[in-house]
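Okay, so here's the structure we're looking at.
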Amino acid sequence: MANQEREQLWLERIAQWRESGMSQRAFAQKHGFPIRQVGYWVRRLSRSEPAAAALVPVVIKAEANAPA
89 MANQEREQLW
99 LERIAQWRES
109 GMSQRAFAQK
119 HGFPIRQVGY
129 WVRRLSRSEP
139 AAAALVPVVI
149 KAEANAPA
């Protein structure tokens with residue numbers, strides 16, 4: 089299996105795991121693969137996902153002892 093195919097397979101598996109609400113251990117046991125493999129792919133794929141962009145509100149307050 090090519091690396092891209094393997095990565096796509098695990099993207100799908102990790103999405104299924106997240107939707108299941110199960111622990112990594114329970115999900116791995118149910119589907120017959122090692123628990124370490126689930127953890128490895130969760131870490132690996134989370135590093136390759138870009139961080140979600142978000143706007144953060146900023147409040148500017150005058151300094152209490154600043155001259156007016």
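Numbering of the sequence shown is given in the working numbering, commencing with residue 89 and proceeding in unit increments.
Positions of the beta carbon are idealized from the N, C-alpha and C atoms, including for glycine.
A quick note: this is a predicted structure, and the numbers were derived from the prediction, not measured.
With a 10 Å radius around the Cβ and a threshold of 16 neighbouring Cβ atoms, A116 comes out buried.
Using a Cβ distance threshold of 7 Å, W98 and W129 count as a contacting pair. Shown here, G127 sits in a helix according to DSSP, grouped into three states. The alpha-carbon of E151 is positioned some 24 Å away from that of L143.
Our two residues, R131 and P145, have alpha carbons roughly 30 Å apart in a direct line.
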